[in-house]
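In the UniProt record's numbering, the protein residues as written are 1 to 795.
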């Protein structure tokens, strides 16, 4: 096996952490992570498995007590009671300490686990919900992963089955310290690698018979419409599919269809010159048939009778096949310009080695092989069990195009973080069947922009394209605006990419990660943190009749939050129903939040470190943000080759200020000078001055009363110097323009004029909120009109 397949692991537990008997071994990996092994032959496994790569945690504090009945092990987090016999329900139990529950804090061996669930292998043909596999987090404080049937990784880079029978369990007993649990899970299984920058942009994907001419013409149209994409996904019709039936269905293929793509290298390089990266879809299960261009060479290499056209059967359990698979089928196309592969495995988990899942093998070896030339490795494939986060990006499969499918996806995506799987890519807009619904397409696009990977996709139906201009004008506008927003968010997204890899914080996290003791955090399944600064609650249902707005039930944590789009200020600590027109969804930023963005949205520009940063700073509290940058495409970040820029917002101090510190690290990776556009959102106007390393510097200041935004433009700022904005007069958090918001809502609502006039007149009378709300409650008008007004009045 090539050296690239020999992964670096640290599989042996620290000696001080191990308690062993003749047939059992308990490794106290941390105070909350316990490995439990039982083997009648006493032969325990210290090599890495498909899931567990690193068991060399630092020495953990614990007490070992020997009793007449066996042993007890006590850490700060758990209390283990074990009779030193074969594992059984009555002989092995673990209690999670910390007064979590009077009834549910003790696990007995073999009991069902009631955890918060993780994710699923695929959403293929799912219309709405599907069952999820287990994760490592639970409101009861513990979960268990059974690794007993996992394959062993050998020193030469291959895998082998375990010998003999026995238990190999991992008990996660972290109570409600969810992020601590996830951090240790990532160490045990290997961290999530950073994605190359291009992966965070928009992906264009469609199962369709494109030609080189038609595909490039489509890219031209997107450019004319200022709709940006960084990834070109070419589905299976890049290869020959209409083949002689004696060779099979044509579903698997590796020979370019030169009727459609007469010069594949020219096509791929043209996309590269546009700043785009490419991936090709492959269904590898049917092997290589005699009509393929590379068949003869590959067959000879593997000893297949090529003269009789015997197929080269797909056999991922054979190392020789694996090497030939890459050498003949993939590497030549990568030299042409294919950047990564879409591995579309749909044939289940059986292989010639019992218990070995071909999908895991494909993910593991494709990912490692893709990094052989020093570039940042990446693949695109389905989930294959715990540890799959090491092989981003995840393809969730062919979903059905319905509101029910959309409604399930935000929960499904956030919940995957419970097993560390943070980079799902969905068929945004739905893949097949279902129905066309313009509003649904707009809402799905909005969710896609605030999901890990934004990939529009659809089936080969002539009626199912996702080009924005195929929809009504209002939907077209929303899709375009949000696709552009995705690219504008790139500096923020790329920093979160780093945090996911190096700080064990997935881009998308359920609300209970940061609020584990708040019951409401568990009740808003479709609401999540999007990075460190934002809370997102996608709209997953149609607008409500006459009011032309959709409703979302949102829990706002304690503190102040500000809407990203309209800068409406909300006081937290409550559940609210938020109403949004088609062009917006609830995206709330904590007071003091700092969000770096860019105005350069083209593929070539957005995949480079920007020369202009548009930084939106939300008033109401102190805040800070550390912008992370690197070379965007190699693994040098693993050696710390990067640049960080600290930003600090001082709202509470005697004199308000915003500081952008000088860049630190490999500064040659970023522009020597940058333009800054600083947008202070949801604030009142104020006077300010700007200094650069203590010396006054020029800036252009403006204030927009409608959006309550103070904007400063400062050009050609050395990134080696510290920029400070000092406010001579204090900004205040702006008050919501209630009268204007009410007018705008009533103006667009399709209701009786008398009701509009009556409600607006009552608002302008200036009665106390208490009085008006009591009157509103008594009015005989539609409840959704009341709901929308209550949001505006009580935010």
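Cβ atoms here follow ideal geometry from the backbone N, Cα and C, with glycine treated the same way.
Check	Outcome
Those residues which DSSP pairs with residue 10 across a bridge	54
Exposure of residue 625, with buried meaning 16 or more beta-carbon neighbours within 10 Å	buried
Distance CB(residue 270)-CB(residue 216) smaller than 9 Å	yes
The segment 719 to 734 / the segment 684 to 696 touching (three or more Cβ pairs under 8 Å)	yes
Inter-residue Cα distance where the pair is residue 202 and residue 254	26 Å
Residues that DSSP places opposite residue 547 in a beta bridge	According to DSSP, residue 547 bridges with nothing at all.
Under 9 Å between C-beta atoms of residue 478 and residue 535	no
CB contact flag (residue 390, residue 191, <9 Å)	yes
Three or more C-beta pairs below 8 Å linking the segment 531 to 550 and the segment 221 to 235	no
Contact the segment 645 to 665 vs the segment 726 to 733: 3+ CB pairs below 8 Å	yes
Sequence-distant residues of the same chain with beta carbon closer than 7 Å to residue 95, five excluded per side	78, 79, 105 and 106
CA nearest to the CA of residue 566, picked from 235, 350 and 735	735
Contacts around residue 698, its chain only, beta-carbon distance under 6 Å, and the 5 residues preceding and following it disregarded	none
Residue 157 and residue 6 closer than 9 Å at C-beta	yes
Residue 202, DSSP secondary structure in three states	strand
Minimum C-alpha distance to residue 788 - residue among 559, 546, 730 and 529	546
Residue(s) in a DSSP beta bridge with residue 66	71
Identified DSSP bridge partners for residue 596	615
Which residues DSSP lists as bridging residue 308, in chain order	DSSP output for residue 308 lists no bridge partner at all.
Residue ranges of each alpha helix (DSSP H) within the segment 312 to 357, 4 or longer	319 to 329 and 331 to 336
DSSP state of residue 432 mapped onto helix, strand, coil	strand
Residue 527 in three-state terms, based on DSSP	coil
Distance CB(residue 168)-CB(residue 150) smaller than 9 Å	yes
Beta-carbon proximity of residue 362 to residue 381, cut-off 9 Å	yes
Continuous alpha helix (DSSP H) stretch holding residue 177: start and end	From DSSP, residue 177 is part of no alpha helix (DSSP H); its letter is neither H nor E.
Strand pairing of residue 606, partner residues [DSSP]	According to DSSP, which records beta bridges pairwise, residue 606 is partnered with nothing at all.
Integer-rounded CB distance, given that residue 418 should sit under 8 Å from residue 116	5 Å
Bridge-paired residues (DSSP) for residue 95	79 and 106
Residue span of the beta strand (DSSP E) that contains residue 571, given as start and end	569 to 571
Alpha carbon of residue 297 to alpha carbon of residue 313, nearest angstrom	14 Å
Buried or exposed (CB count within 10 angstroms, at least 16 for buried), residue 446	buried
Rounded straight-line distance, which links the Cα of residue 570 to that of residue 833	This structure does not reach residue 833, given that the chain is present from 1 up to 795, and the question cannot be answered.
Beta-carbon gap between residue 147 and residue 30 smaller than 9 Å	no
Residue 503 in three-state terms, based on DSSP	coil
Span of the beta strand (DSSP E) around residue 577	574 to 580
DSSP state of residue 284 mapped onto helix, strand, coil	helix
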